[in-house]
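Position 90 of the sequence shown, counting from 1, maps to 937 under the working numbering, and the rest follow consecutively.
Glycine residues also receive a C-beta, built at the ideal position from the N, C-alpha and C atoms.
First up is the structure itself, then whatever we jot down about it.
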Amino acid sequence: MSRHPSGTVCWVRDPTDAHADRPAVVLAHDTHPFGATDCTIMCIGTSANKYQNQYTPEVKDSHLKGVSLGKQSYFMPWALYTIPPGAIRQGKPIGQLTAAGEKEVKKALISNI
Numbered sequence: 848m849s850r851h852p853s854g855t856v857c858w859v860r861d862p863t864d865a866h867a868d869r870p871a872v873v874l875a876h877d878t879h880p881f882g883a884t885d886c887t888i889m890c891i892g893t894s895a896n897k898y899q900n901q902y903t904p905e906v907k908d909s910h911l912k913g914v915s916l917g918k919q920s921y922f923m924p925w926a927l928y929t930i931p932p933g934a935i936r937q938g939k940p941i942g943q944l945t946a947a948g949e950k951e952v953k954k955a956l957i958s959n960i
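So this is what it looks like as structure tokens:
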């Protein structure tokens, strides 16, 4: 199984159990010390903007290349999970964050501190 670089946008088996699948951003897989068994992700959701006390930046088309989410979506910086690489859905679209997308993810992660 190939390892995904940081910034990969993919569909995963939903670790929150809210849906069967959900989009996520890979934060660490190819550089993860246990990448054969672990992949760290940040979830993306369609209703995360309802959490008024959290910074939930919108995922814009300018944040993505090679993939489109189809619905208005938001980065969920509090929804960080370590999943098995097998939870990344094969046969689903996979893309990458742009530089603007990477900057937004970093801002979102820093907002948790």
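Residues that DSSP places opposite residue i in a beta bridge
i	result
Gln943	Thr855, Lys912
Val873	Ile888
Tyr921	Gly892, Glu905
Asp868	Arg860
Alpha-carbon to alpha-carbon, residue j and residue i
i	j	result
Lys907	Cys890	15 Å
Leu956	Lys939	26 Å
Gln943	Asn896	22 Å
Val816	Ala883	In this structure the chain extends from 848 to 960, so residue 816 is not present and cannot be described.
Ala947	Ser909	7 Å
Where residue i sits in the DSSP three-state scheme
i	result
Ile960	coil
Pro932	helix
Ala926	strand
Gly938	coil
Gly948	helix
Ala955	helix
Nearest candidate by alpha-carbon position, reference residue i, set the options
i	options	result
Leu874	Ala947, Asp868, Leu927	Leu927
Thr855	Glu951, Gly892, Lys912, Ser958	Lys912
His876	Cys857, Ala946, Ser894, Asp864	Cys857
Trp925	Ala871, Leu916, Lys950	Ala871
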